[in-house]
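In the working numbering, the protein residues as written are 277 to 718. Each residue gets a CB set at the ideal place from its N, CA and C atoms; glycine is no exception.
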């Protein structure tokens, strides 16, 4: 244990004390924040209002059209198509709608909006939505059907799905479970790739610098592999936490940098992805049904399992990435050819997870949540739906045990590959040779 801690301490300090660590940890969130602020600024400043004049001689719209975002309507009197075209050329407005007194608009279903220039597809869509909504109301009134009657007919029947035990999850709870499960599994998927690659590069650097030749003579392969994975994992975890704190903290600076500007973003046809997500979260939080579904999700169990599968998945795959790093030389293409069998289970886990979030009790989902190479991603998608309702305790603890066993087994194999591969130079390794190294007697 003492030697594992010494190796982990060396791996941790050798990376944290570099200037590149500070630059990537602090500078990267600032750069992302800068680009994010610029997107918000230009998305608001470059927006333009579209003013449409409406000459409604037949009084179809009854002088009532709702403005939406940057679209505004102005009813005009005593205008003809010719005078409207003249004013349009003088840029007094951006477009006009002329409806003569003898129109058959409600029968022909054709309306023309003349504009001074070509409008974008989003602006056209907003104008069409406003006009069609108002025309639909007028058609219903002409048939002596009120909008309230139509809404009542369109109202969906509330259908519940109780089980034989009398339990039943609401649609809102199922929606929240799908979102939480997918987000948790996808976050672990990203972490496995980022930090696994970081471990592989760290091993490759040591091999090129010939440092490992000294270390491997006094430390057992398993101890060396455990220390290396633990040390590099601690660096990645600290970096990840700093990024989260900085990104969340910088969000609160936006109202100070752009006072009153963020309120205008919601009125733009195109919003930055972050603002769209924030608006969606706010809209969901205002929905009582969504909040009720959120309260039904067992977050303490989800967070606890996320930490376990995050650590277990990282330890398992980091040992495999480290084994590949010890076997290759300077050419990165050698590593790419050996990484395919390692990355395929991760990609396969994402494919299973997309099915597990919708059908968590399927045979494929159960297999993926038990198999150690896919369980860190797939099991999180199933746990979000409930324990023990969807995931029985025996499946959960079996998955725990198999993941721990898989980690110990891959670390042992990777340590034996590391012992031979770290001293091998000038030869392209194959998986056949790696397996020979792994099972070679000491």
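Distance between residue j and residue i (C-alpha atoms, nearest Å)
i, j, result
"residue 402", "residue 416", "22 angstroms"
"residue 632", "residue 704", "39 angstroms"
"residue 455", "residue 435", "22 angstroms"
"residue 431", "residue 412", "17 angstroms"
"residue 292", "residue 585", "25 angstroms"
"residue 251", "residue 662", "The displayed coordinates of the chain run from 277 to 718. Any statement about residue 251 would go beyond what the structure contains."
"residue 372", "residue 427", "31 angstroms"
"residue 281", "residue 508", "12 angstroms"
"residue 464", "residue 645", "14 angstroms"
"residue 363", "residue 353", "13 angstroms"
"residue 332", "residue 420", "22 angstroms"
"residue 543", "residue 342", "With a pLDDT of 49 at residue 543, under the threshold of 50, the predicted position of this residue should be treated as unreliable, and no value is reported."
"residue 552", "residue 386", "With a pLDDT of only 45 at residue 552, under 50, the local geometry of the prediction cannot be trusted, and the value read off the model is given with reservation. Near 34 angstroms, if we compare the C-alpha coordinates of residue 386 and residue 552."
"residue 708", "residue 640", "30 angstroms"
"residue 559", "residue 516", "Confidence at residue 559 is low in this model, with a pLDDT of 49, below 50, so its placement is unreliable and no value can be given for it."
"residue 475", "residue 499", "15 angstroms"
"residue 684", "residue 296", "32 angstroms"
"residue 750", "residue 666", "Outside the modelled stretch of the chain, which goes from 277 to 718, sits residue 750, for which no answer is possible."
"residue 669", "residue 621", "25 angstroms"
"residue 283", "residue 700", "21 angstroms"
"residue 496", "residue 710", "18 angstroms"
"residue 689", "residue 520", "34 angstroms"
"residue 736", "residue 676", "Nothing can be reported for residue 736, as the shown portion of the chain is limited to 277 through 718."
"residue 469", "residue 458", "17 angstroms"
"residue 409", "residue 511", "56 angstroms"
"residue 674", "residue 482", "37 angstroms"
"residue 375", "residue 394", "21 angstroms"
"residue 404", "residue 339", "17 angstroms"
"residue 298", "residue 612", "28 angstroms"
"residue 617", "residue 473", "14 angstroms"
"residue 576", "residue 672", "15 angstroms"
"residue 501", "residue 619", "20 angstroms"
"residue 698", "residue 664", "46 angstroms"
"residue 425", "residue 462", "44 angstroms"
Own chain partners of residue i with C-beta closer than 6 angstroms, once the 5 adjacent residues on each side are dropped
i, result
"residue 648", "678, 679, 682"
"residue 556", "Unreliable placement is indicated for residue 556, whose pLDDT of 45 sits below 50; the coordinate value is still reported in the next sentence. Taken in chain order, the list of residues that qualify is empty."
"residue 355", "331"
"residue 546", "For residue 546, the predicted structure reports a pLDDT of 43, less than 50, and the residue's modelled location is therefore unreliable. The matter cannot be settled from this model."
"residue 337", "410"
Range of the contiguous beta strand (DSSP E) that encloses residue i
i, result
"residue 698", "Here residue 698 belongs to no beta strand (DSSP E), and DSSP marks it neither H nor E."
"residue 719", "In the structure as shown, the chain starts at 277 and stops at 718, and residue 719 therefore has no counterpart that could be examined."
"residue 348", "347-351"
Same chain only: Cβ atoms within 7 angstroms of residue i, ignoring 5 sequence neighbours per side
i, result
"residue 550", "Its pLDDT being 46, under 50, residue 550 is placed unreliably in this model, and the coordinates cannot settle the point."
"residue 582", "460, 656"
"residue 615", "600"
"residue 628", "640, 641, 644, 650, 654"
"residue 406", "341, 342, 344, 347"
"residue 554", "Note on residue 554: pLDDT 46, under 50, position unreliable in the model; the coordinate value appears next. Once the five neighbours on either side are set aside, residue 554 has no close Cβ partner at all."
Enclosing alpha helix (DSSP H) for residue i [first to last residue]
i, result
"residue 327", "First-last for residue 327: 326-332, but that is the beta strand (DSSP E), not the alpha helix (DSSP H)."
"residue 280", "278-292"
"residue 643", "639-646"
"residue 302", "Taken as a continuous stretch (DSSP letters only), residue 302 belongs to no alpha helix (DSSP H), as it is neither H nor E."
"residue 399", "397-418"
"residue 597", "575-603"
"residue 359", "357-365"
"residue 716", "Looking at the DSSP string, residue 716 is not in any alpha helix (DSSP H), and its letter there is neither H nor E."
"residue 651", "651-659"
Closest residue to residue i among the options (Cα-Cα distance)
i, options, result
"residue 715", "506, 405, 706, 692", "692"
"residue 522", "295, 290, 310, 286", "310"
"residue 623", "433, 580, 593", "593"
"residue 696", "667, 598, 628", "598"
"residue 277", "476, 514, 506", "506"
"residue 450", "296, 574, 422", "574"
"residue 361", "378, 389, 347, 384", "389"
"residue 366", "580, 590, 379, 391", "391"
"residue 480", "603, 355, 501", "603"
"residue 525", "306, 298, 576, 300", "306"
"residue 286", "467, 587, 478", "478"
"residue 380", "304, 422, 424, 414", "414"
"residue 719", "580, 471, 304", "Because residue 719 is not part of the residues shown, which for the chain are 277 to 718, the question remains open."
"residue 398", "325, 580, 357", "325"
"residue 467", "494, 433, 422, 513", "513"
Own chain, CB closer than 8 angstroms to residue i, minus 5 neighbours either side, in chain order
i, result
"residue 350", "327, 328, 329, 330, 369"
"residue 578", "456, 460, 656, 659, 660"
"residue 634", "454"
"residue 302", "518, 522"
"residue 289", "none"
"residue 378", "334"
Cβ separation of residue i and residue j, assumed to be a contact under 8 angstroms, to the nearest whole Å
i, j, result
"residue 503", "residue 279", "7 angstroms"
"residue 595", "residue 706", "So it is not a contact: roughly 19 angstroms between Cβ atoms."
"residue 588", "residue 652", "6 angstroms"
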